[in-house]
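Here is the structure we will look at, set down as structure tokens.
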Amino acid sequence: MGRISLEQIVAAVDDLPALPHVVVQVMELTEDPDSTAQDINDVLSQDQAMTARVLKLANSAFYGFPRRIATVTDAIVLLGFKTIKSIVMAASVSDILAREMEGYALEPGELWQHSQSVAMAARHIARKVKYYQLDLAYTAGLLHDIGKVILNNAMKESYHKVINVVMEQNIPFLDAEVEILGFNHTEVGARVAEKWNLPQDLVEAINFHHTPENATENKDLTALVHIADAVCVAMGIGIGIDGMLYPISSEAMEMFGLDEVAVETIISELTDIFSDQQSFAK
Ligand SMILES: [Fe+2]
Ligand SMILES: [Fe+2]
Numbered sequence: 002m003g004r005i006s007l008e009q010i011v012a013a014v015d016d017l018p019a020l021p022h023v024v025v026q027v028m029e030l031t032e033d034p035d036s037t038a039q040d041i042n043d044v045l046s047q048d049q050a051m052t053a054r055v056l057k058l059a060n061s062a063f064y065g066f067p068r069r070i071a072t073v074t075d076a077i078v079l080l081g082f083k084t085i086k087s088i089v090m091a092a093s094v095s096d097i098l099a100r101e102m103e104g105y106a107l108e109p110g111e112l113w114q115h116s117q118s119v120a121m122a123a124r125h126i127a128r129k130v131k132y133y134q135l136d137l138a139y140t141a142g143l144l145h146d147i148g149k150v151i152l153n154n155a156m157k158e159s160y161h162k163v164i165n166v167v168m169e170q171n172i173p174f175l176d177a178e179v180e181i182l183g184f185n186h187t188e189v190g191a192r193v194a195e196k197w198n199l200p201q202d203l204v205e206a207i208n209f210h211h212t213p214e215n216a217t218e219n220k221d222l223t224a225l226v227h228i229a230d231a232v233c234v235a236m237g238i239g240i241g242i243d244g245m246l247y248p249i250s251s252e253a254m255e256m257f258g259l260d261e262v263a264v265e266t267i268i269s270e271l272t273d274i275f276s277d278q279q280s281f282a283k
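The sequence shown begins at 2 in our numbering and counts up one residue at a time.
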């Protein structure tokens, strides 16, 4: 098994389930200034499993509410439309991301753990560096590795070849993917985001999360996701083989005035944040 064709990629992206209708409706409602918490509640309550997940995530220590949020309407009022939108997105992709990713040496649940960690890290770092689109940072972090879901099958068969290329040629994992498969998980992930009609800055952040200097649309967002990913890799969270030779972009670090000391601080803050297992509810 060697290179895969563009047609195979397109077919695999098409096979991926569309975003659930409930999610698409919630996205639309949160964009509409005339909609109310009740409107969103009416839509979400059509899906009880989704509602339960949303409430679990809304109640995680990450969002810091001292008392229990018992209803979707409460969650919307307390957290706001944008945060609810990002939580609904997380609740809807957790199943896809929780699959086993053998090709990337990830156990069931590990890619979800990694994705949710990068999402929280991106939101946390965004607040620290005063990048105010906190929930956009979260969603970009959540989806950054979605391309692995598509490439996993091809990777299963090429796993050893990719590892060998990384070791023998001393090149980053991402370049080894391209060399062996013809595609890497970032460009494939961008195709998934396009298929789901996500905004262009999310497509870009997914596309360039390993090479943030290539971003043009929203350089800050892409750099944030890159740093959040690199921090989670440094912390050893759900990295499988993507963590091999992960170069961190000094340009991205400089954009936010971050140095090694700042990263150490972020890591210790995130260690606390990640200790709440409720954040990883599926
Ligand atoms: Fe990645
Ligand atoms: Fe990642």
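No residue lacks a Cβ here, since even glycine has one placed at the ideal position from N, Cα and C.
Just so you know, these numbers come straight off a predicted model, no measurement behind them.
- Of the candidates E178, G148, V150, H145, E178 places its Cα closest to the Cα of H161.
- Counting C-beta pairs closer than 8 angstroms gives fewer than three between the region 89-104 and the region 216-236, which falls short of the contact rule.
- The three-state reading of DSSP puts L199 in coil, since its state is none of H, G, I, E or B.
- Between V193 and V14, the C-beta gap is smaller than 9 angstroms, which places the two residues in contact.
- For Q134, there is no enclosing alpha helix (DSSP H), as DSSP marks it with neither H nor E.
- Note that the C-beta distance between G237 and N208 is not below 9 angstroms.
- Judged by DSSP secondary structure, R54 falls within the alpha helix (DSSP H) whose first and last residues are 49-59.
- Taking 4 residues as the shortest admissible run, the region 208-248 contains the following complete alpha helix (DSSP H) segments, listed from N- to C-terminal end: 220-235.
- By the neighbour-count definition (other C-beta atoms within 10 Å, threshold 16), E111 is a buried residue.
- Set against 8 angstroms, the gap from the CB of D176 to the closest heavy atom of ligand 1 is not smaller.
- Non-local beta-carbon contacts of V11 in its own chain, meaning distances under 8 angstroms to residues more than five positions away in sequence, involve R192 in chain order.
- Nearest neighbour of K86 by Cα position, chosen from D96, P67, S116, V55, turns out to be V55.
- Within its own chain, the residues whose Cβ lies closer than 7 angstroms to the Cβ of M28, once the five positions on either side in sequence are excluded, are K86, listed in chain order.
- Where A282 is concerned, there is no enclosing alpha helix (DSSP H), because DSSP gives it neither an H nor an E.
- Proximity of the region 150-160 to the region 126-142 falls short of the contact definition, fewer than three beta-carbon pairs being nearer than 8 angstroms.
- Between D146 and S116, the gap from beta carbon to beta carbon is short of 9 angstroms.
- Distance from the CA atom of A106 to the CA atom of I88, rounded to whole angstroms, is 27 angstroms.
- The C-alpha of D277 is placed about 19 angstroms away from the C-alpha of P109.
- Residue nearest to L17 within the set F257, E261, W197 is W197 (criterion: CA-CA distance).
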